[in-house]
Amino acid sequence: MKRSLFLKTSGLSVFTMTILPQKALGFSKDLNDPEPLNNELVKEFVVAGHKTLPRVKELLEEYPNLIYCRYDWGNGDFEEAIEGAGHLGKKDIANYLISKGARVNLFVLTMLGKTELVRPILEAYPNLLNALGPHGFTLLHHAKVGKAKILEKYLLEQGLDKTHIPIK
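For our numbering, add 454 to where a residue sits in the sequence shown, where the first one is 1.
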């Protein structure tokens, strides 16, 4: 093969293998894509989810997509507003966020005492018994703060005796 043909073929191959897959898989930023929400705004919403329903409502009204946002507290410790409500036992905030379309998870369901949902999941996926929520709070912690006595008893019977395991 001639050197010039080799260089053209190699260049085309590099272009095809790097640029086109990124375009096809949507990895490149479209100039019409919206900017990410401000990180401090996301943090404010997640903090409000821990304790302040009126502020949660106010922020959601102005920025509806905050409902899907997670704040990174560092070292992979991500948290959504609903998860803050979950580990502090704030059922009113959790239920409000669920009514607005928040992504509910096993920890929040445990705090809410949804035994009919939590038990079948843990029976199907027993290793989730030891899963850690934001900040390392366990399912047992969530059952206790939610006063979900049936789930608390069930978790203890399954061998879960810790409420917190540091993740940092």
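Just so you know, even glycine gets a beta-carbon here, dropped at the ideal spot from N, CA and C.
Could you spell out the range, first to last residue, of the alpha helix (DSSP H) harbouring R524? From DSSP, R524 is part of no alpha helix (DSSP H) but of the beta strand (DSSP E) over 524-526.
Within its chain, find whatever has a CB closer than 6 Å to the CB of G416; leave out the 5 residues flanking it on each side and keep chain order. For residue 416 there is no data in the structure shown, the boundaries of the chain being 455 and 622.
Report the rounded CA-to-CA distance for D526 versus E494, giving the unit in angstroms. 11 Å
Spell out the partners DSSP gives F532 in its beta bridges. DSSP lists D526 as partners of F532.
Expressed to the nearest angstrom, what Euclidean distance is found between the alpha-carbon atoms of L610 and N486? 51 Å
Can you name, in chain order, every residue of its own chain whose Cβ lies under 6 Å from the Cβ of H504, other than the five neighbours on each side? G538, L542
Contact set for H595: own chain, Cβ-Cβ below 7 Å, skip 5 residues either direction: For H595, where only same-chain residues beyond five positions count, the Cβ hits under 7 Å are H541, T617, H618.
Need the endpoints of the alpha helix (DSSP H) that F628 sits in, please. Residue 628 is absent from the structure shown; the chain starts at 455 and stops at 622.
Between the C-alpha atoms of K554 and I521, what's the straight-line distance to the nearest angstrom? 8 Å
For V496 and V599, what's the separation of their Cα atoms in angstroms? 24 Å
List the whole-angstrom C-beta distance separating L551 from A535, where the pair is believed to meet the contact cut-off of C-beta under 8 Å. 6 Å
Entirely within the segment 580-609 and at least 4 residues each: give me those alpha helix (DSSP H) ranges in chain order. 593-599
Where does I604 land, buried or exposed, given buried means 16+ other C-beta within 10 angstroms? exposed
Rounded to whole angstroms, how far is the Cβ of T564 from the Cβ of L593, which I believe are closer than 8 Å? 5 Å
Give me the Cα-Cα distance between K601 and I575, rounded to the nearest whole angstrom. Going by the C-alpha atoms only, they are around 20 Å apart.
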